[in-house]
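In the numbering used here, the protein residues as written are 10 to 114. In this text, a Cβ means the ideal position worked out from N, Cα and C, and glycines have one as well. These numbers were taken from a predicted model, which means no experiment stands behind them. The structure under discussion appears below in the form of structure tokens.
Set out below in structure tokens:
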């Protein structure tokens, strides 16, 4: 997580947008942004009863360790895989070596 340490509606931030993080000035934050989007959708889905068949009727109040573990299972087995975050660690080694070799010539 990255915290700006200022409110997004701060007047000085409006005057100096380069001081804030965005995907334009900090493209390395793309995976964090995508994870945040998936977690926001998960939260919305919980609130809208999407996981009612799993025992999570809206509104969701976690009262037991079993409920926390079940929610964790849904998150890790069904929700997070949709983000395909592993793709950020997958590279075509041969292509990268070729591009590097061309760049250093």
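Could you tell me the distance, in whole angstroms, from the CA atom of residue i to the CA atom of residue j?
i: residue 108; j: residue 30; result: 29 Å
i: residue 91; j: residue 60; result: 16 Å
i: residue 8; j: residue 42; result: A question about residue 8 goes unanswered here, because the residues of the chain that appear run from 10 up to 114.
i: residue 104; j: residue 110; result: 10 Å
i: residue 65; j: residue 74; result: 14 Å
i: residue 51; j: residue 84; result: 8 Å
i: residue 98; j: residue 112; result: 22 Å
i: residue 47; j: residue 96; result: 15 Å
i: residue 18; j: residue 102; result: 43 Å
Out of the options, state which residue places its alpha-carbon closest to the alpha-carbon of residue i.
i: residue 63; options: 78, 90 and 23; result: 78
i: residue 76; options: 55, 96 and 18; result: 55
Check for me: the alpha helix (DSSP H) holding residue i runs from which residue to which?
i: residue 35; result: Looking at the DSSP string, residue 35 is not in any alpha helix (DSSP H), and its letter there is neither H nor E.
i: residue 19; result: Neither: residue 19 is in no alpha helix (DSSP H) and is coded neither H nor E.
Could you tell me whether the Cβ atoms of residue i and residue j are closer together than 8 Å?
i: residue 49; j: residue 94; result: no
i: residue 24; j: residue 34; result: no
i: residue 80; j: residue 71; result: yes
Taking the runs of the alpha helix (DSSP H) that are 4 residues or longer, which of them lie wholly in the segment 54 to 101?
List check, alpha helix (DSSP H) in window: 74 to 83.
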